[in-house]
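Under UniProt numbering, read the sequence shown as residues 1 to 66, first letter to last.
For reference, the structure is listed below as structure tokens.
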Amino acid sequence: MTQENSTKTVSSDCVVCGSPATEKYKPFCSKRCADRDLGKWLNESYSIPATEPPEYLEDLEDEDEF
Numbered sequence: 001m002t003q004e005n006s007t008k009t010v011s012s013d014c015v016v017c018g019s020p021a022t023e024k025y026k027p028f029c030s031k032r033c034a035d036r037d038l039g040k041w042l043n044e045s046y047s048i049p050a051t052e053p054p055e056y057l058e059d060l061e062d063e064d065e066f
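Shown next, in the form of structure tokens:
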């Protein structure tokens with residue numbers, strides 16, 4: 001039985017504009033897209049939506065027993 005190299009090359013697209021990513025700037029296609037993404041991080045444009053805790057947890061936070 002022969003064993004084949006099963007390494008797959010996944011073609012990836014730039015996460016900013018969708019153009020094919022280049023090896024030098026991966027996962028981006030260019031320095032411009034990499035800088036745009038960095039700018040979003042620095043401006044805090046990326047965020048994870050938060051949900052309000054249930055009311056019973058807010059009541060527990062007010063107690064000094066914890």
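Every residue gets a Cβ at the ideal spot worked out from N, C-alpha and C, and that includes glycine.
As far as DSSP is concerned, P49 takes part in no beta bridge.
Going by DSSP, C33 is part of the alpha helix (DSSP H) stretching over K31 to L42. Residues Y25 and F28 of the same chain have their beta carbon placed closer than 7 Å to that of A34, with the five preceding and five following residues left out of the count. Rounded to whole angstroms, W41 and C14 show a C-alpha spacing of 16 Å.
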